[in-house]
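J.: Going by our numbering, the sequence shown opens with residue 33, and the numbers climb by one from there.
Here's a structure for you.
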Amino acid sequence: MKRTRVPRPLLLLCAAAGLFTGAALVGTILAAIALPLSLAFTGLLVVAALTVVVLRTEPDQRRLIVSITARGVLIALVATALYDVSRLLLMQLDPSPFDAFVAWPIFGHLLLGLDAPEDLARIAGLGFHVANGVTFGLAYCFLFGARARRSLRGALGTGVVWGLFLEAFQLTIFPGWLNVTTYQEFATITFLGHVVYGASLGLLARRALPAGMDDEDADADIEEEEA
């Protein structure tokens, strides 16, 4: 029985497109580019990537990519919620004044301007934070979803590694940018939070992503059906 398969290079392209919010933030932090402008630029790159995907795929492959994306968004939303809940719980256990959500209003002011009301900036910053969680989660699904589907070890392993990759990125940039004075608390809470985020991504991807994410994944499903 023939299964629909998405070529690995196209999965990698979709994963790269999924990193556009993070790339925009890096441009803002390191190059002082206004965040809306940075998002507009990386958004254009996403449009270019999607154009390539549309031109290089058949209708059934495009439907599969849409399915991966839709399920990936839900997976990433749940993982992001668990990430934030874990950080909130860890803050309750930590007597220091460290605020794990200090970046939210900063994100909001970068989007809306320094004169924006604080409450509105916090809401906008929350939206940007969730967008980051979703896009990073989508990138994981396209990069490692096939491996996550094949085994529990693969799901947990790739998920935790992805979470630690994001943690390393954050520890490299955020402490200096946010003027973090409680570095140990910051590192501990974000480390454990990213482990929860990554493990959640892996476990949910294992259960929810569709078959056919690459040739090996599709072949494994065919063998299971034939058996």
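A virtual CB, placed ideally from N, CA and C, is assigned to each residue, including glycine.
Measuring CB to CB, does V84 end up less than 7 angstroms from A49?
T.: Not in contact: V84 and A49 (Cβ atoms no closer than 7 angstroms).
J.: For N164, which option in L198, G186 and L188 has the closest C-alpha, if you only look at C-alpha atoms?
T.: With distances taken between Cα atoms, N164 lies closest to L198.
J.: Ordered along the chain, which non-local residues of its own chain (more than five positions away) have a Cβ less than 8 angstroms from that of Y115?
T.: G165, G225, H226, V228, Y229 and S232, listed in sequence order.
J.: Applying the criterion that 16 or more other CB atoms from any shown protein chain within 10 Å of the CB defines a buried residue, is T213 buried or exposed?
T.: T213 should be labelled exposed.
J.: Whole angstroms are fine: how far does the CA of R239 sit from the CA of R182?
T.: So the alpha carbons of these two residues sit roughly 10 angstroms apart.
J.: Short of 7 angstroms in beta carbon distance, which residues of its chain neighbour F218, apart from the five on each side in sequence? Order them along the chain.
T.: The answer, listed in chain order, is F130, P207 and V212.
J.: With 16 as the cutoff for other CB atoms within 10 Å, does S70 come out buried or exposed?
T.: Buried, because 16 or more other Cβ atoms sit within 10 Å of the Cβ of S70.
J.: Work out the CA separation of T60 and W209 for me, nearest whole Å.
T.: W209 and T60: Cα-Cα distance of roughly 11 angstroms.
J.: To the nearest whole angstrom, what separates the beta carbons of A47 and L236, a pair I think is in contact under 8 angstroms?
T.: Their Cβ separation, rounded to whole angstroms, is 17 angstroms, which puts A47 and L236 out of contact at 8 angstroms.
J.: Tell me the DSSP secondary structure of D92 in three-state form.
T.: It is helical.
J.: Give me the Cβ distance between T167 and T74, rounded to the nearest whole Å; I'm assuming they're in contact under 8 angstroms.
T.: So it is not a contact: roughly 10 angstroms between Cβ atoms.
J.: Considering only residues of the same chain and omitting the five flanking positions on each side of V58, which have a CB-CB separation below 8 angstroms?
T.: Excluding sequence neighbours, V58 sits near I205.
J.: Could you name each continuous alpha helix (DSSP H) segment of 4 residues or more that falls completely within the stretch 152–225, going from the start of the chain to the end?
T.: Whole alpha helix (DSSP H) segments, 4+ residues: 184–209.
J.: Using the rule of at least 16 other Cβ atoms within 10 Å of the residue's Cβ for burial, across every protein chain shown, is Q202 buried or exposed?
T.: With 16 or more Cβ atoms within 10 Å of its Cβ, Q202 is classed as buried.
J.: Let me check understanding here. Comparing Cα to Cα, which of A132, T36 and T101 lies closest to V117?
T.: Taking only the C-alpha atoms, the option nearest V117 is A132.
J.: Could you pull the start and end residues of the alpha helix (DSSP H) that L45 belongs to?
T.: Here the alpha helix (DSSP H) through L45 covers R40 to A49.
J.: Using the beta-carbon count (16 or more within 10 Å), is R185 buried or exposed?
T.: Classification for R185: exposed.
J.: Find the nearest neighbour of R40 within the set I97, A63 and L51, judged by alpha-carbon distance.
T.: That would be I97, whose Cα lies nearest to the Cα of R40.
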